[in-house]
Each structure stands twice: as C-alpha cells, then as structure tokens.
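Trainee: Protein chains in written order, with the UniProt record's numbering: chain E, 1 to 141; chain D, 1 to 141. No residue lacks a Cβ here, since even glycine has one placed at the ideal position from N, Cα and C.
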DNA sequence: TGTAATTCCTCTAGTCACTAGAGGTTCAAG
DNA sequence: CTTGAACCTCTAGTGACTAGAGGAATTACA
C-alpha cells in the first residue's frame with residue numbers, strides 16, 4: 001500500500017494531479033486509512049503509469065480514458081486502441097511539420113536584425129507583415 | 001472603417017477572439033457607431049495582424065504585448081524584441097526534438113501490433129510499460 | 001418604406017489539464 | 001509525546017479562447 005506522495009515519487013505525477021485524475025474518474029477511488037488518507041495498491045500504480053505515459057505521448061485525457069476502458073479487450077475492440085494511436089501519430093507529424101515551418105521563419109526574423117540597429121527592427125517589422133512569411137501559415141482554421 | 005466581422009474576415013481571427021483581445025488590452029477600444037457597434041481603422045487592422053502573426057509563431061499573448069509596446073522603439077529597447085524572438089526559437093527547437101522522439105515511439109507502438117490480434121495488444125501494453133520506451137521521456141518536470 | 005436576414009452587442013459559463021493557496025488534520029520518526 | 005512533514009478538502013486561477021443566451025442594430029432587397 002502506497003501513500004499519494006509515494007505514488008507521486010514513483011510516477012513523476014504531482015500529488016494534486018493524482019487527486020485531479022481521481023476526480024475525473026481516471027483513477028478509481030482508493031482505500032482510506034482511519035485518518036482519511038489515500039492508500040493505493042500496485043494496480044493503481046500501474047494505471048497511473050499508463051496515464052502518465054499517455055500524457056507524455058500527447059494523448060488527451062479522454063483518449064487515455066478510452067484506452068483504459070479497453071484493458072483486456074479482444075479482437076475488434078483492439079482496433080479502437082490502434083485507431084487512437086494512429087490518429088495521434090498523424091497529429092504529431094502535422095505538428096512537427098508546422099513547427100519546422102515556424103522555425104525557419106523565426107530564424108529568418110531573428111537573423112535579419114543581428115548587428116546594426118539603425119533600421120526598423122526586423123522582428124517588429126516581420127511580425128507586422130504577414131505577407132513576408134516564407135512558409136505560409138496564413139490559412140489556419 | 002471596418003466592422004468587427006470584416007476585421008475577422010481580413011485577418012482570420014474569429015470575432016469573439018477579437019473582442020477577447022480588446023478585453024485583454026491587446027487591441028485599443030475602437031470607435032462605436034450610434035448603435036454601439038465597433039468600427040476599426042487600418043491601424044487596428046495592422047495591429048491585429050501583428051497579433052495573429054505572433055500567435056501563429058507560438059508566442060504567448062504576454063510576449064506579443066511586450067513586442068507591441070516596443071513599436072517604434074530604438075536602440076537598446078530593440079534588444080528586448082530580439083530576446084523574445086530568440087527565446088521563442090529555442091523553445092520551438094526543444095519542442096520539435098521532443099515531438100520527434102515521441103513520433104519514434106508512437107510509430108513503434110503502432111507498428112508492433114499490426115496484423116494479428118492474438119497477443120496482448122502492443123498499444124495497450126506499451127502505454128502501460130514505461131520501461132519499454134526507446135526515447136526516454138521519464139524525467140519531465 | 002417595410003421586413004427579413006445577417007451581423008452585431010453583452011454577459012456568463014465552459015474547455016483542457018492542471019496549479020496554487022488557504023486552513024486544517026494525520027502520520028512517522030525520534 | 002512532540003514536532004515536522006505529509007496529508008486532507010475546497011475554492012479559485014491559468015492561457016487562450018469557445019459556446020450560448022437573449023436581445024439590438026444594420027443591410028439587402030422588394
């Protein structure tokens with residue numbers, strides 16, 4: 001049986017966050033001591049590790065909840081787990097592409113103004129002038 | 001003079017978001033018609049474009065506000081603008097590295113389970129087992 | 001000029017995933 | 001048995017919006 005602090009130390013999830021997950025129903029309500037403190041078994045530890053891992057991978061809590069509900073699932077239900085993982089992967093790749101475009105632009109903006117300060121600063125100018133973008137990010141939902 | 005809807009169409013910033021920016025002090029309070037509707041001049045349009053651009057680049061509103069306050073700045077004040085751009089660039093690069101690591105792992109997780117469904121699904125398994133991570137993301141603040 | 005559709009107004013509350021703080025109780029070590 | 005760390009509940013705040021209610025103004029067209 002572990003205290004909430006021990007769970008926190010073992011998983012890297014902060015104490016208030018563990019309570020938050022309990023509130024949200026992602027973690028089952030644990031046993032309590034006579035003095036009303038939470039005591040967790042190893043099952044809870046695993047479950048929390050699962051949540052942590054999913055969060056690290058960028059999954060929203062709703063997806064994690066869905067995956068959690070598939071524990072021990074067989075056959076077609078497993079497809080849902082795949083679907084979540086695949087969807088997440090697609091998202092991730094898009095985010096990377098997007099960020100790399102922005103990196104190019106930020107680099108340009110920053111470099112344009114190194115050295116002399118005589119002219120209007122490129123940073124301020126570039127931010128104001130959307131047309132000057134190299135990678136066009138003008139059309140975004 | 002432009003209505004709020006026109007501003008929205010021209011910048012791609014949603015109408016409620018424009019009002020939100022006004023509330024936050026990022027956009028000055030515009031003139032109003034006799035019927036209390038907002039009317040913007042081209043200055044506001046430019047300013048909103050600046051904000052939009054900054055947001056697209058991932059800047060938080062506080063940074064954008066700082067940049068906005070540097071409009072027309074000279075000499076050393078410009079360094080602050082650079083500093084913001086550079087800091088943002090560093091952040092951005094870290095995020096990209098992080099995401100690429102996760103991409104590797106998600107790809108692995110997803111691929112491990114394609115085909116047969118006889119075994120315990122790799123997605124569920126992998127999420128539960130942090131130790132199996134290739135790119136270690138165990139230590140995160 | 002009338003009317004109908006569209007756009008606009010303010011306001012409150014909700015989203016996501018936490019985080020911070022107040023004010024108080026329980027536990028473990030010495 | 002005392003002290004200090006860890007725990008408890010609860011409320012409110014964060015960032016950057018988004019949604020919806022309920023109503024007023026504007027615009028287009030007949």
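Comparing the C-beta of residue 96 of chain E with each C-beta of chain D, is any distance below 8 Å?
Mentor: Judged by the 8 Å Cβ criterion, residue 96 of chain E is in contact with chain D.
Trainee: With DSSP as the reference, label residue 135 of chain D as helix, strand or coil.
Mentor: Because the pLDDT of residue 135 of chain D is 43, which lies under 50, any placement of that residue in the model is unreliable, and the question is left without a value.
Trainee: For chain D, find out if any of its Cβ atoms is closer than 8 Å to the Cβ of residue 61 of chain E; answer yes or no.
Mentor: It does not; no Cβ of chain D falls within 8 Å.
Trainee: Which value, in whole angstroms, describes the spacing of the CA atoms of residue 24 of chain E and residue 44 of chain E?
Mentor: Each residue's Cα considered, the two are about 15 Å apart.
Trainee: Less than 8 Å separating the beta-carbons of residue 103 of chain D and residue 67 of chain E?
Mentor: No; because the gap between Cβ atoms is not below 8 Å, this pair is not in contact.
Trainee: Looking only at its own chain, which residues have a Cβ that is under 8 Å from the Cβ of residue 5 of chain E, when we skip the five neighbours before and after it?
Mentor: 15.
Trainee: Once the 5 residues before and after residue 65 of chain D are set aside, which same chain residues still bring their CB inside 7 Å of it?
Mentor: For residue 65 of chain D, where only same-chain residues beyond five positions count, the Cβ hits under 7 Å are 26.
Trainee: Just grab the DSSP bridge partners of residue 80 of chain E for me.
Mentor: Per DSSP, none; premise fails for residue 80 of chain E.
Trainee: Using a Cβ cut-off of 8 Å (strictly closer), state whether residue 17 of chain E contacts chain D.
Mentor: Residue 17 of chain E does not count as touching chain D.
Trainee: Compute the distance between the beta-carbons of residue 107 of chain D and residue 52 of chain D, then report whether it is under 8 Å.
Mentor: Going by C-beta atoms, residue 107 of chain D is not nearer than 8 Å to residue 52 of chain D.
Trainee: Tell me where the alpha helix (DSSP H) around residue 49 of chain E begins and ends.
Mentor: Element bounds for residue 49 of chain E: 42-56.
Trainee: Could you tell me the distance, in whole angstroms, from the CA atom of residue 59 of chain D to the CA atom of residue 85 of chain E?
Mentor: Looking at the two C-alpha atoms, the distance is approximately 29 Å.
Trainee: Opposite residue 87 of chain E in the DSSP bridges: which residues?
Mentor: Answer is none; residue 87 of chain E lacks a bridge partner.
Trainee: Let me make sure I understand the geometry here. Which of E:105, E:50 and E:3 has the alpha-carbon closest to that of residue 38 of chain E?
Mentor: Looking at the Cα atoms, E:3 is the closest of the given residues.
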